[in-house]
């Protein structure tokens, strides 16, 4: 698993697993990057990086490295002592691609990685990540007003799009060039009708480019500039251990508090249940905690005597049917001395007597109004109902 991070704004990142992007985003600062234990690859602006083709009569890499800065002395604007030279692929007697960066920028990127504890193992210019179409020799990515170009020969460049014609002077005439912007493709074709430009929408973001296989590797670091950061040091585990220990202490304390509070709540509920049970079933006595439901079920089962057709269940079922027909709500119910007492919420006083008549219309029910009153816009009425 690899994670690519930009070391300069905009701070884009992308996580790559098995040649596919599994996560990406943009953060406000380097400190906000979602770093895990992954291979971290830094990405820097290609405008600070220049490419040069060099062929030196050197027989060894040591000879090549010694002669390289002075062979490019006239090609770069800075003193060679102030520049960092990278040649990723060198062979004796062959032309090589050389990348040049100011040492001051290398030190700046090293400092950024160190300050923000970013274990950057590889450092790449952004134009080196621009992907290649299988039918193209070069790719151009338009990002804002900037052009990032990447060639299969290893040369890359980051320039203002107004300088595209100057850059094209170094590109072989027969090369196929893929461009990610359709309008730019048309402009380039119009200005250079003898060249082969093809529109290929490969995106303008870091995450878009990483969806494609990279052509070659490049690393701007050297032992002089590579940041020495280990994210597996013992200090890394100190804060998590402190947090873990504090969390355990808090969890134990909270669990103890909840244990005591829940037992107190259970005792309160049991006491309330016993009070309700005794108020509804005065005949019950010595109700043991935890047996309230069982005793209530037994008491309800005994209601109505041996004749199940006159049981409280049958009475309540018939009354409930009438209440549903009249759209009346049942707010309370009790059973005493073979009488079912219900309290209802009615819509108006006209329903008070109507409900009594409806219940009495059943051949086996006898209803008597006990009380009625108005409260908060609703009519509350209580009825005593018996089986006949």
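Residue numbers (the numbering used here): 25 to 412.
Don't be surprised by glycine CBs; every beta carbon is placed ideally from N, CA and C.
None of the values given here were measured: they were computed from a predicted structure.
- When DSSP reads this structure, residue 161 sits in no beta bridge, so it has no partner.
- The three-state secondary structure of residue 355, taken from DSSP, is strand.
- In this structure, the beta-carbon distance from residue 223 to residue 203 falls below 8 Å.
- Secondary structure remark: continuous alpha helix (DSSP H) runs of at least 4 residues inside the segment 67-142, in chain order: 85-95, 127-139.
- Rounded to the nearest angstrom, the gap between the Cα atoms of residue 312 and residue 319 is 9 Å.
- Counting along the chain, no beta strand (DSSP E) covers residue 348; the unbroken alpha helix (DSSP H) around it starts and ends at 336-349.
- The residues 67, 68, 69, 70, 72, 73, 123, 180, 182, 242, 244, in chain order, have a CB closer than 8 Å to that of residue 149 in the same chain once the five nearest residues on each side in sequence are set aside.
- For the pair residue 408 and residue 296, the Cα-to-Cα distance works out to about 26 Å.
- Judged by DSSP secondary structure, residue 50 falls within the beta strand (DSSP E) whose first and last residues are 44-51.
- The DSSP-derived three-state label of residue 290 is helix.
- Within the DSSP secondary-structure output, residue 39 pairs in a beta bridge with 27, 47.
- By the neighbour-count criterion, in which 16 or more other beta carbons inside 10 Å mark a residue as buried, residue 373 falls on the exposed side.
- Under the criterion of beta carbons closer than 8 Å, residue 174 and residue 163 qualify as touching, at roughly 5 Å.
- Beta bridge pairing from DSSP links residue 411 with 389.
- Residue pairing for residue 174: DSSP places it in a beta bridge opposite 163, 180.
- In the displayed model, residue 298 falls within a helix according to three-state DSSP.
- For residue 166 against residue 185, the beta-carbon gap comes to about 7 Å, under 8 Å, which counts as contact.
- At least 8 Å separates the beta-carbon of residue 236 from that of residue 221.
- It is roughly 18 Å from the alpha-carbon of residue 348 to the alpha-carbon of residue 364.
- Here the alpha carbon of residue 280 sits roughly 10 Å from the alpha carbon of residue 286.
- Note on geometry: alpha-carbon atoms of residue 82 and residue 45 lie some 42 Å from one another.
- Using a C-beta cut-off of 8 Å, the segment 385-392 makes no contact with the segment 353-360, since fewer than three inter-stretch Cβ pairs fall below that distance.
- At a Cβ-Cβ threshold of 8 Å, residue 76 and residue 54 do not count as neighbours.
- Straight-line spacing of the CA atoms in residue 393 and residue 342 works out to 17 Å.
- Ranked by how close their Cα comes to the Cα of residue 396, the residues 375, 205, 103, 161 have 375 in first place.
- Its chain contains 34, 35, 36 as the residues whose beta carbon lies nearer than 7 Å to that of residue 50, once the 5 sequence neighbours on both sides are disregarded; these appear in chain order.
- The bridge partners DSSP lists for residue 402 are 399.
- Residue 105 and residue 90 have their C-alpha atoms roughly 12 Å apart.
- Residue 39 counts as buried, since no fewer than 16 other beta carbons sit within 10 angstroms of its beta carbon.
- Residue 251 places its beta carbon less than 8 Å from that of residue 144.
- Taken in chain order, the complete alpha helix (DSSP H) segments of 4 residues or longer contained in the segment 204-283 are 206-215, 230-233.
- In the structure shown, residue 367 falls within a strand segment according to DSSP collapsed to helix, strand and coil.
- Annotation for residue 153: no beta strand (DSSP E) segment contains it, and DSSP assigns it neither H nor E.
- Under the three-state reduction of DSSP output, residue 65 falls in the strand class.
- If you draw a straight line from the Cα of residue 214 to the Cα of residue 170, it is about 20 Å long.
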